[in-house]
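> Protein chains in written order, with my numbering: chain A, 1 to 438; chain B, 1 to 438; chain C, 1 to 438.
Beta carbons are placed, not taken as given, at the ideal position from N, Cα and C, and that holds for glycine.
Before I ask anything, here is the structure I am working with.
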Amino acid sequence: MDMQVIVNTIWVLVTAKLVFFMNLGFAMVESGFARVKNTVNILSKNFIVFAVATLGYLFLGWGLMFGDGNGFVGLKGLFFLLGADNSPATGDLYQGVYRALSWASVPLLAKFFFQLVFCGTAATIVSGAVAERIKYVSFIVFSFFMSMLIYPIVGHWVWGGGWLQQKGMLDFAGSTVVHSVGGWAALAGVLLLGPRFGKYDGDKINVIPGHNLSLATLGTFVLWFGWFGFNPGSTMTADPKAISHIAVTTNTAAASAIISSTITSWILLGKPDLGMTLNGCLAGLVVITAPCAFVSVEASIIIGLIAGMLVVFSVLFFDKLKIDDPVGALSVHLVNGVFGTISVGLFAKDNVGGISCSNGLFYGGGTKLLFTQIQGVLSVGIFVFLVSVLIWYILKHTIDIRVSLKEEIEGLDVGEHGNVAYPEFLTRKPVSYFLKKN
Amino acid sequence: MDMQVIVNTIWVLVTAKLVFFMNLGFAMVESGFARVKNTVNILSKNFIVFAVATLGYLFLGWGLMFGDGNGFVGLKGLFFLLGADNSPATGDLYQGVYRALSWASVPLLAKFFFQLVFCGTAATIVSGAVAERIKYVSFIVFSFFMSMLIYPIVGHWVWGGGWLQQKGMLDFAGSTVVHSVGGWAALAGVLLLGPRFGKYDGDKINVIPGHNLSLATLGTFVLWFGWFGFNPGSTMTADPKAISHIAVTTNTAAASAIISSTITSWILLGKPDLGMTLNGCLAGLVVITAPCAFVSVEASIIIGLIAGMLVVFSVLFFDKLKIDDPVGALSVHLVNGVFGTISVGLFAKDNVGGISCSNGLFYGGGTKLLFTQIQGVLSVGIFVFLVSVLIWYILKHTIDIRVSLKEEIEGLDVGEHGNVAYPEFLTRKPVSYFLKKN
Amino acid sequence: MDMQVIVNTIWVLVTAKLVFFMNLGFAMVESGFARVKNTVNILSKNFIVFAVATLGYLFLGWGLMFGDGNGFVGLKGLFFLLGADNSPATGDLYQGVYRALSWASVPLLAKFFFQLVFCGTAATIVSGAVAERIKYVSFIVFSFFMSMLIYPIVGHWVWGGGWLQQKGMLDFAGSTVVHSVGGWAALAGVLLLGPRFGKYDGDKINVIPGHNLSLATLGTFVLWFGWFGFNPGSTMTADPKAISHIAVTTNTAAASAIISSTITSWILLGKPDLGMTLNGCLAGLVVITAPCAFVSVEASIIIGLIAGMLVVFSVLFFDKLKIDDPVGALSVHLVNGVFGTISVGLFAKDNVGGISCSNGLFYGGGTKLLFTQIQGVLSVGIFVFLVSVLIWYILKHTIDIRVSLKEEIEGLDVGEHGNVAYPEFLTRKPVSYFLKKN
């Protein structure tokens, strides 16, 4: 047996398992940031979404993303991975229809499993932003389209041999492909859904605190842990220098963003708000996802510091616009997914992490890479946003996307699921202690 | 150093750690599905059980299971792994008394650690079914017998070179050896314990909702994650094709079962019940545990879909029989452990996952394998059930197995442990929102 | 690519990730053992501390610990890992300024990441002992000194080629370097802070029960899981025999300590207290951290049994002394860190786990190793305690280290963070059901 294939497969499967585990992280962060009465609904959405993604991506998504085709979409071996493939053969020895991943010397099903957990992440990001008012069945249907169509098509552009990959766009582990895609789809959903009842009262923004910051913290730790699969695993090869480098840049950006989001919230809100710190961490992880392999450890500090500030301002900004995102998913995944992708165009440095790439603006590469990155961000954004609006719109006018006002006030747990998350605990309307200067 | 031994040892240890982590999953699922007043007791049981299993399996269990002996039980190297062994030598080079695992090229203690975490899983399954009325000390004593005698003897039959292995029974990662064994022992305990006070009122079945569905969901995610150690790790060899295949069949069965249990509960109960969905996931994981290496990805979808329906009907069925299982452990581990083992006889296909095996009924193998599987299921079931009844019976008439009615009503936390799980939270008798058509 | 470097790097990174995950364990154990009103504060401390450690250890800590220097401290390549280094070259081929780790054939950043997560552990240990009254900003500042100065200097002595390493002190994974260092720093903090309001009332010791034993149990499982990275990973080499041996001794000591702490609390307190059992597990893990590679499985049982008793007596003893440690961190990390290090001098046996070492007293080595271990324990203890007292003292007289009495009574969550952990749940003053004989 080829030892290289063995170690690569171990690496790909172990990191894929960590990425799978991020589903728990999302479930805990999102339910922790929501109210008691909607907990079961959020848990259910975050639980079923990976099952939906598994079946959707297996059925068609994988084929659209990695099947040989044109610059826009895969066309061969579309369904159930049934196309020809002789992985783990690589390079000239590879014979099959999934050539975009023929550089990775692991079996086909290892490639599939690794890509599947990424697809699942993109789908689950939507869940938080649309929380506390979306109909369960509509979310399930949208998730099918997400994992079967939207994510795979964009993924084909950047990772499946499509037009953005050909142009040289760099998105190592998916600041754009995974996080901003989830973010744009979520934004479309939020706009068509409208804000939660009671969130905005004329110009007044009511704070609706999450019901369980222990779970939100737990979830953030799990996501941070899972990101050590997400980013270093995206090598799909056990390359010692690269995977060590990526582990460190990933962690450093998160750490910097934690510090800067804490300080920013301390200054803007008067106290170091835990929710902002948690979202700061996630912002740092999202932002470094594209550049993790292409930038130095020092650059990852700077990128993380910016991300931590950005997420705090962004949360306040979306609220100003009355775009109601209960968990801050847009600020974390969309805003920082976009910034992270662009930061590659600024900070990329050839071979700094053992992987060769174009240089960014700050390392003598001029604006070429920067403009490619911006083009990628915009193309992906426009496409995903428009298709998502279309799907949400159709759902709204067929099975409807929002629960009744009565159900929203009483809580989606009883209305949608007939369950109560904590039936023995006495609860009340939350009192907000959230502080704001002035 | 032999590189093959190194990569196999990495694989075995990493997957064993994931299986160990399933102890957390069981603790959270079971306490989440129980009431506030019994939370500390369930946590304590699920915590101490792995300590008990560690000492019991080290002392004697390992030797009975993997020591050279006859078809029924191991007889050499019984205590504290002190028999001769020159692992990681394999095949003809192996010299020692644990020949049943001489095919695995890893050190002896890696074999022991991997098998120990499986033993611990079988022991912890009992905990949920007997919850909310069993005496703490009786559970501890039973767990010692489970890990020292019952599990190892049956394990010897199927994995330790015993009579069922010689007949050709296939149970890759333990639908029978681990899950149904836990299930039969639990069934015996439930029958001798009787239902919880207030559960059945004449023909009326009272729903007793779990106190914390966030923890139950967390636990299920952890178990799903851990199963990526349980099944792919059971290769005990870093075989790229096999471990990739098993990861995908495992995940696909879980996903299918989630979807089918959600739909089934939606139809039968009127709403998509979260508890049923969580147990659906676990059912899909249990069911694929035996066949994961022997069936195609397509077959894993079908097997999972059936498991998800089966678990919902089974939960309702046990309640009809007034067999009170607070967490659904019998429906998950026993019913689906049995069905999963039998499904091998239907769906097995030689070399589909890189591992050679007999063909099942649907792939031209006739009924030979199917009958062997059924014989295995029945023999294991009868043996484990009878021995467990005997042990529970002796315990009942010596140290007693059930707490007093007063203690049961007041809760086992104070009575057994002198602790309260959430001393600052105000609680009440739970109001059930669980819906049933008609 | 050198296959040995590849497998070592996989091993080092995977185990480092598990150690990172222990941050979640500490956060859950500590917040679970504290009161509702201080939950956000504890979560915040445990969350930000790893960010602080990341930046502090990257900036200076790594260089002080592993830079070439004298017996007391590293002097070369101090800042930002910028010293010369040609890892993964080893032995005579190594050219660089971090020679103390030149035996490990992994890239520099893999070494850094692995050592960083250990540094983070030492820093986070302090958090629990000083909980429920420390000012957030003081804790952050102390953590910077801890990760930038205190931990690295002591680490240099034992692991960085310093004077204790030269004397032959054995501390495989850090009972002294990590756990007792955290413990001594915590003890200094506790003494300068004083006990919590209401804890001691003349001679009466009031029990202040933790608010959430589910989270505390969850956290302990996570720590146990993480320890399978902590101890076996400290080989920094995928040596099959050693890593298998260490996994088993680690687990066995934990199991034994769980049993003995449960029995001890049953005898002393009248019931098997869950908190004592959880701390018993952690005590067993801490105690085996130094000897895990140097002692037999049988010895690990004995060492664990002692640790489990020790932790119960120690908790009661510190309370007698009115040293208020809300989570038992001193009993777990300090007392058992010290005993674990000393146990090496008693039980060490050359090559028992595949690693050569001096023999301890019980294996014919006389008292030489034992005295070296005691010397190490004392030197580290005196140094860390004095430096910590100095830093806490300076902080006390500048930015202050304790919140106001009013804030302490109302809870640090609102006072320090403007957050409430569970804003919708109704709570009360806790009623203690904790039992004590007589």
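In terms of residue numbering, what span does the alpha helix (DSSP H) encompassing residue 115 of chain B cover?
The residue labelled residue 115 of chain B in the question sits at position 115 within the second sequence. 108–129 is the extent of the alpha helix (DSSP H) around residue 115 of chain B.
> Using C-beta distances below 7 Å, list every residue in its chain close to residue 188 of chain C, excluding the 5 sequence neighbours before and after it, in chain order.
Sequence index remark: in the third sequence, residue 188 of chain C carries index 188 (1-based). Cβ within range, chain order: 385, 388, 389 and 392.
> Just verifying my parser: in three-state terms, what is the DSSP assignment at residue 37 of chain C?
On the third sequence, residue 37 of chain C is found 37 positions in, with the first residue counted as 1. Note: residue 37 of chain C maps to helix in three-state DSSP.
> Should residue 369 of chain A and residue 376 of chain A be called a contact, given that it needs their Cβ atoms to be closer than 7 Å?
Within the first sequence, residue 369 of chain A is the residue found at index 369, counting from 1. Within the first sequence, residue 376 of chain A is the residue found at index 376, counting from 1. Contact flag unset, no.
> Rounded to the nearest angstrom, what separates residue 362 of chain C and residue 294 of chain C at their Cα positions?
As a working mapping, residue 362 of chain C is identified with position 362 in the third sequence. As a working mapping, residue 294 of chain C is identified with position 294 in the third sequence. Going by the C-alpha atoms only, they are around 13 Å apart.
> Alpha carbon to alpha carbon, how far is residue 351 of chain B from residue 9 of chain B?
Translated into the one-based positions of the second sequence, residue 351 of chain B becomes position 351. Translated into the one-based positions of the second sequence, residue 9 of chain B becomes position 9. Spanning the two alpha carbons is a distance of roughly 24 Å.
> Would residue 98 of chain A and residue 66 of chain A qualify as a contact pair, given that the criterion is a beta-carbon distance under 7 Å?
Within the first sequence, the letter at position 98 stands for residue 98 of chain A. Within the first sequence, the letter at position 66 stands for residue 66 of chain A. Cβ distance < 7 Å, so residue 98 of chain A and residue 66 of chain A count as in contact.
> Label residue 438 of chain B either buried or exposed according to how many other C-beta atoms from any shown protein chain fall within 10 Å of its C-beta, with 16 as the threshold for buried.
By one-based count along the second sequence, residue 438 of chain B stands at place 438. Low confidence applies here, because residue 438 of chain B scores a pLDDT of 35, under 50, leaving its location unreliable; read the following figure in that light. Classification of residue 438 of chain B: exposed, given that the 10 Å Cβ count is below 16.
> Would you list, in sequence order, the uninterrupted alpha helix (DSSP H) runs of no fewer than 4 residues that lie entirely inside the segment 332–401 of chain C?
Within the segment 332–401 of chain C, the runs of alpha helix (DSSP H) that reach at least 4 residues and sit entirely inside it are, in chain order, 336–347 and 368–396.
> Flag residue 427 of chain A as yes if its beta-carbon sits less than 7 Å from any beta-carbon of chain C, otherwise no.
Numbered from 1 along the first sequence, position 427 holds the residue referred to as residue 427 of chain A. With 7 Å as the cut-off, residue 427 of chain A counts as an interface residue toward chain C.
> Using a 10 Å radius around the Cβ and a threshold of 16 neighbouring Cβ atoms, would you call residue 162 of chain B buried or exposed?
Here residue 162 of chain B refers to the residue found at position 162 of the second sequence. Buried, because 16 or more other Cβ atoms sit within 10 Å of the Cβ of residue 162 of chain B.
> Residue 433 of chain C to residue 336 of chain B, Cα distance in whole Å?
Position 433 of the third sequence holds residue 433 of chain C. Position 336 of the second sequence holds residue 336 of chain B. Low confidence applies here, because residue 433 of chain C scores a pLDDT of 45, under 50, leaving its location unreliable; read the following figure in that light. Going from the Cα of residue 433 of chain C to the Cα of residue 336 of chain B covers about 41 Å.
> Measuring straight from C-alpha to C-alpha, what distance separates residue 276 of chain A and residue 265 of chain A?
Along the first sequence, one-based indexing puts residue 276 of chain A at 276. Along the first sequence, one-based indexing puts residue 265 of chain A at 265. Going from the Cα of residue 276 of chain A to the Cα of residue 265 of chain A covers about 7 Å.
> Check the DSSP bridge columns for residue 324 of chain A and list the partner residues they point to.
As a position in the first sequence, residue 324 of chain A is number 324, starting the count at 1. Residue pairing for residue 324 of chain A: DSSP places it in no beta bridge.
> Note the first and the last residue of the continuous alpha helix (DSSP H) segment covering residue 271 of chain C.
Position 271 of the third sequence, counting from 1, holds the residue named residue 271 of chain C. No alpha helix (DSSP H) contains residue 271 of chain C, which DSSP labels as neither H nor E.
> Going along chain A in order, which residues have a C-beta closer than 7 Å to the C-beta of residue 88 of chain C?
Taking the third sequence and counting its residues from 1, one reaches residue 88 of chain C at position 88. Those are 240, listed as they occur along chain A.
> Quick one: does the C-beta of residue 28 of chain A sit closer than 6 Å to a heavy atom of the ligand NAD?
By its list of ligands, the structure shown contains no ligand whatsoever, and the ligand NAD lies outside what it can speak to.
> According to DSSP, what are the bridge partners of residue 204 of chain C?
Reading the third sequence from its first residue, position 204 is the one you call residue 204 of chain C. DSSP, once it has assigned bridges, lists C:201 as partnering residue 204 of chain C.
> Between residue 139 of chain A and residue 311 of chain A, what straight-line distance do the alpha-carbon atoms span, to the nearest angstrom?
On the first sequence, residue 139 of chain A is found 139 positions in, with the first residue counted as 1. On the first sequence, residue 311 of chain A is found 311 positions in, with the first residue counted as 1. Just so you know, the alpha carbons of residue 139 of chain A and residue 311 of chain A end up roughly 26 Å apart.
> So which residues on chain B does residue 404 of chain C lean against when the C-beta distance must stay under 8 Å?
Here residue 404 of chain C is taken as the residue at index 404 of the third sequence, counted from 1. Within 8 Å Cβ-Cβ: nothing; residue 404 of chain C doesn't reach chain B, min ~22 Å.
> Cβ closer than 8 Å: which chain B residues qualify as neighbours of residue 68 of chain C?
Numbered from 1 along the third sequence, position 68 holds the residue referred to as residue 68 of chain C. Chain B residues near residue 68 of chain C: none, gap ~29 Å exceeds 8 Å.
> Give me the subset of the segment 413–425 of chain C whose CB atoms are less than 9 Å from a CB atom of chain A, sorted by chain position.
413, 414, 415, 416, 417, 418, 419, 420, 421, 422, 423, 424 and 425
> Could you tell me which of C:109, C:374, C:224 and C:209 sits nearest to residue 281 of chain C, measuring between CA atoms?
Looking up residue 281 of chain C in the third sequence gives position 281. The shortest Cα separation from residue 281 of chain C among C:109, C:374, C:224 and C:209 belongs to C:224.
> Under DSSP, the alpha helix (DSSP H) around residue 11 of chain A begins and ends at which residues?
Along the first sequence, read from residue 1 onward, the residue named residue 11 of chain A stands at position 11. Where residue 11 of chain A is concerned, the enclosing alpha helix (DSSP H) stretches over 3–32.
> Between residue 244 of chain A and chain C, is there a C-beta pair that is closer than 7 Å?
Numbered from its first residue, the first sequence carries residue 244 of chain A at position 244. Judged by the 7 Å Cβ criterion, residue 244 of chain A is in contact with chain C.
> Helix, strand or coil: which one does DSSP assign to residue 437 of chain C?
The sequence position of residue 437 of chain C within the third sequence is 437, counting from 1. Caution is warranted here: a pLDDT of 40 is assigned to residue 437 of chain C, below 50, making its placement in the model unreliable, and no coordinate value can be reported.
> Determine which residues of the segment 100–112 of chain C have a Cβ less than 9 Å from any Cβ of chain B, and write them out in chain order.
Cβ contacts with chain B come from no residue of the segment 100–112 of chain C.
> Going by DSSP, what residue range makes up the alpha helix (DSSP H) through residue 185 of chain B?
Counted from its first residue, the second sequence places residue 185 of chain B at position 185. Note, residue 185 of chain B: alpha helix (DSSP H), 181–193.
> Against residue 287 of chain A, what residues of chain C qualify as contacts under a CB-to-CB distance less than 9 Å, listed in chain order?
Position 287 of the first sequence, counted from the start, is the residue given in the question as residue 287 of chain A. Annotation: residue 287 of chain A has no Cβ neighbours in chain C at a cutoff of 9 Å; minimum Cβ distance is about 15 Å.
> Check residue 69 of chain C in the structure and name its three-state DSSP category.
Counting from 1 along the third sequence, the entry for residue 69 of chain C is found at position 69. If DSSP states are grouped into helix, strand and coil, residue 69 of chain C belongs with the strands.
> Does the beta carbon of residue 347 of chain A sit closer than 7 Å to a beta carbon anywhere in chain C?
Taking the first residue of the first sequence as 1, we reach residue 347 of chain A at position 347. Cβ-Cβ to chain C under 7 Å: no for residue 347 of chain A.
> Alpha carbon to alpha carbon, what distance is there between residue 261 of chain B and residue 5 of chain C?
Walking along the third sequence from the start, residue 5 of chain C turns up at place 5. Walking along the second sequence from the start, residue 261 of chain B turns up at place 261. Using only the alpha carbons, I get a separation of about 46 Å.
> Mark residue 241 of chain A as exposed unless 16 or more other C-beta atoms lie within 10 angstroms of its C-beta, in which case mark it buried.
Within the first sequence, residue 241 of chain A is the residue found at index 241, counting from 1. It is buried - the Cβ of residue 241 of chain A has at least 16 other Cβ atoms within 10 Å.
> Can you tell me which of the three DSSP states residue 229 of chain C falls into?
The residue labelled residue 229 of chain C in the question sits at position 229 within the third sequence. Here residue 229 of chain C sits in helix by DSSP.
> Using 8 Å as the threshold, is the segment 26–45 of chain A in touch with the segment 405–422 of chain A, meaning 3 or more CB pairs across them?
yes
> Please name the residue, chosen from C:328, C:289 and C:126, that lies closest to residue 170 of chain C on a Cα-to-Cα basis.
The count along the third sequence starts at 1 and reaches residue 170 of chain C at position 170. Cα-wise, what sits closest to residue 170 of chain C is C:289.
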